[in-house]
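Notes to accompany the following structure.
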Amino acid sequence: MAYQKVAISGATGNLGPTIVKALVDSNFEVTVLSQSGKTSGLPSTVKVTKVDYSSHDSIVEALKGNDAYVSAVPQHDSQPALIDAAIAAGGKKLTQDYLHQKSSHISWTVINTGLFLDWGIQVGVWANFKGPTRVYDSGNDRHSTTTLADIGKAVVGVLKHPEETHNRAVYVQSAALSQNELIEIIRKVKPNTTVEAQDASTKQLLEDSYKQLEQGGKQIGAAMFGFIVVSIFDSEYGNLWGDKNDNELLGIKTKSSKEIEELVASL
1 MAYQKVAISG ATGNLGPTIV KALVDSNFEV TVLSQSGKTS GLPSTVKVTK
51 VDYSSHDSIV EALKGNDAYV SAVPQHDSQP ALIDAAIAAG GKKLTQDYLH
101 QKSSHISWTV INTGLFLDWG IQVGVWANFK GPTRVYDSGN DRHSTTTLAD
151 IGKAVVGVLK HPEETHNRAV YVQSAALSQN ELIEIIRKVK PNTTVEAQDA
201 STKQLLEDSY KQLEQGGKQI GAAMFGFIVV SIFDSEYGNL WGDKNDNELL
251 GIKTKSSKEI EELVASL
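Under my numbering, the first residue of the sequence shown carries the number 1, and numbering increases by one thereafter.
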């Protein structure tokens with residue numbers, strides 16, 4: 001049976017708004033957990049519940065009455081407390097190591113998306129419009145990548161197919177692209193935009209990131225970002241699932257070359 005009442009945290013971040021929109025458009029009853037309780041920028045149909053994330057009881061109370069909980073918060077260390085609260089509140093489904101330990105108490109699904117396609121271009125990870133673009137290794141390896149809108153659709157798909165997505169990771173992609181392919185698309189659809197390619201090495205980035213991690217303090221953030229970039233662009237980490245995906249189950253259509261060009265042109 002598909003779920004109807006869904007709570008979400010991280011609704012106002014980079015990813016959250018598109019998930020909320022997809023849920024509302026699919027007629028789910030949505031509750032947004034918010035530290036501030038502000039409703040600006042959110043659809044009028046959602047319920048906003050102010051919550052103290054440092055309080056177990058506050059999170060439990062906010063989650064009560066919901067069938068599923070979507071965690072779109074980036075902080076890994078906050079996940080255990082959120083999972084425990086979802087269990088205590090009686091939730092049936094969680095989309096987000098700790099999950100496996102709690103699988104006898106709650107159903108869960110992790111959605112693997114690869115690098116966000118549109119967001120990754122806008123912030124300069126895929127390609128940089130405002131300076132040199134670091135092209136990692138050969139630049140020819142393809143990577144699974146998903147638009148924010150398709151990630152929202154994937155969340156809806158998981159909630160509509162609880163049995164098929166029970167206690168497992170699912171994999172979605174809007175396309176499989178290499179950096180060089182994307183740079184060529186940008187040059188084609190944005191002829192007035194200069195993309196300066198700069199050779200970079202994932203192995204060197206990994207080494208530098210470990211050094212930053214050892215330094216600690218303010219360098220930890222840079223180290224974490226470096227690790228993420230390596231996990232995306234180093235082909236040894238398997239960030240390409242190709243045809244071995246759950247697109248059909250979750251209602252995601254692979255974008256054509258023309259659709260990708262139109263998307264890039266719109267950014």
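Beta carbons: idealized from backbone N, C-alpha and C, even for Gly.
In or out: residue i buried (at least 16 other Cβ within 10 Å) or exposed?
| i | result |
| --- | --- |
| V170 | buried |
| K258 | exposed |
| I220 | exposed |
| D273 | In the structure as shown, the chain begins at 1 and stops at 267. Residue 273 is therefore absent and cannot be evaluated. |
| S34 | buried |
| N66 | buried |
| S36 | exposed |
| L15 | buried |
Which residues in the same chain have their Cβ closer than 6 Å to the Cβ of residue i, if we skip the five residues on either side of it in sequence?
| i | result |
| --- | --- |
| S174 | L117, T146, T147, D150 and K255 |
| A11 | V20 and V32 |
| S58 | V51 and D52 |
| T165 | T109 and V158 |
| Y136 | A200, T202 and F233 |
| Q179 | V135 and G139 |
| K47 | T31 |
| A197 | T133 and V135 |
Residue i to residue j, Cα distance in whole Å?
| i | j | result |
| --- | --- | --- |
| L182 | G41 | 31 Å |
| E61 | A89 | 7 Å |
| A86 | S71 | 10 Å |
| I134 | A2 | Before going on, a small fix: residue 134 reads as Arg here, not Ile. Answer to the nearest angstrom: the Cα atoms are 43 Å apart. |
| L249 | G152 | 14 Å |
| G251 | G216 | 43 Å |
| I106 | S44 | 30 Å |
| V189 | K130 | 17 Å |
| G120 | V30 | 27 Å |
Please return the same chain residues whose Cβ sits closer than 7 Å to the Cβ of residue i, not counting the five positions on each side in sequence.
| i | result |
| --- | --- |
| I186 | A127, T193, V195 and V264 |
| V73 | S9 and G10 |
| L177 | R142, H143 and T145 |
What residues in its chain sit with their C-beta under 8 Å from that of residue i, if we drop five residues either side in the sequence?
| i | result |
| --- | --- |
| N247 | V172, Q173, K253 and T254 |
| K295 | Since the displayed the chain opens at 1 and closes at 267, residue 295 lies outside it and no answer follows. |
| K244 | Y171 |
| Y210 | A223 |
Regarding residue i and the ligand PLP, is the C-beta to nearest heavy atom distance less than 8 Å?
| i | result |
| --- | --- |
| T12 | This structure lacks the ligand PLP, and indeed carries no ligand of any kind. |
Checklist entry - Do the segment 199-217 and the segment 225-232 meet, that is, are 3 or more Cβ pairs less than 8 Å apart? => result yes
Checklist entry - Which parts of the segment 138-183 are runs of the alpha helix (DSSP H), unbroken and 4 residues or longer, counting only runs that do not cross its ends? => result Annotation note: the segment 138-183 contains the following uninterrupted alpha helix (DSSP H) runs of length 4 or greater, listed N- to C-terminal: 148-160.
Next on the checklist: Is it the case that the segment 136-153 contacts the segment 236-253, given that we only count it when at least three CB pairs across the two stretches are under 8 Å?
Outcome noted: Taking 8 Å as the limit for Cβ pairs, the verdict is that the segment 136-153 does touch the segment 236-253.
Item to check | Whole beta strand (DSSP E) elements within the segment 172-259, 3-residue minimum | outcome: 175-177 and 197-200
Checklist entry - Which full runs of the beta strand (DSSP E) of 3+ residues lie inside the segment 11-35, going along the chain? => result 29-34
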